[in-house]
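If you read the sequence shown in this note's numbering, its first letter stands for residue 22, the second for the next number, and so on.
Note that beta-carbon positions come from the ideal geometry of N, C-alpha and C, so glycine has one too.
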Amino acid sequence: MTTLPLPESFALTLRGYDREQVDERLAELHEDLRLLALDRDAAQSQAEFLATRLAQARTEITALRGQLDRLCRAPADPAAVGAKVSRLLALAQSEADDLVLVAQHRAAAMRAEAEDAVRRTQAQLRAIDEVLADAESVLDEGDTLHMAA
């Protein structure tokens with residue numbers, strides 16, 4: 022697939038350009054335009070999917086922050102219970118802290134990945150839109166030439 026065809030010269034015939042050659046070129050341009058539109062639609066779909074994943078990651082981060090706040094606000098008092106229970110509570114608190122830390126790192130990585138993917142997809146969409154606009158311009162010029170012939 023050509024991304025942006027350069028202007029071509031068509032063979033001159035007795036009454037202007039060779040209509041068959043112009044029709045073939047216009048058909049090629051229409052096909053290129055159709056394929057570009059499909060690429061743009063696929064990129065748009067991917068951007069929407071990634072935006073949804075980003076929203077889910079943000080929701081998960083909010084939930085994890087809520088859990089972290091609850092854990093930090095109401096820690097068990099190890100001094101108030103027996104030695105065994107105290108050790109168990111300390112171990113549980115340590116494991117809970119580790120789990121929260123891992124969850125925070127995972128959530129941050131997911132968010133960064135989703136934001137990066139959204140940026141890349143948006144850049145692809147902009148590039149496709151530019152190529153599509155250029156192709157439509159060339160196609161319009163071709164249609165004008167075709168009608169004039």
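query, result
"Going straight from the alpha carbon of residue 36 to that of residue 55, what length do you get?", "31 Å"
"Are residue 135 and residue 85 touching if we call contact CB-CB under 7 Å?", "no"
"Could you say which of 43, 74 and 151 lies nearest to residue 132 if we only look at CA atoms?", "74"
"Could you tell me which of 79, 120 and 146 sits nearest to residue 68, measuring between CA atoms?", "146"
"Could you spell out where the alpha helix (DSSP H) holding residue 103 opens and where it closes?", "No alpha helix (DSSP H) contains residue 103, which DSSP labels as neither H nor E."
"To which residues of the same chain is residue 57 closer than 7 Å at the C-beta, ignoring the five residues directly before and after it?", "149, 152, 153 and 156"
"Under 7 Å between the Cβ atoms of residue 113 and residue 92?", "no"
"Between the Cα of residue 122 and those of 82, 144 and 46, spot the shortest distance and give me the residue it belongs to.", "82"
"Where residue 166 and residue 52 are concerned, what is the direct C-alpha to C-alpha distance, given to the nearest angstrom?", "18 Å"
"Under 7 Å, do residue 163 and residue 47 count as touching if we go by C-beta distance?", "yes"
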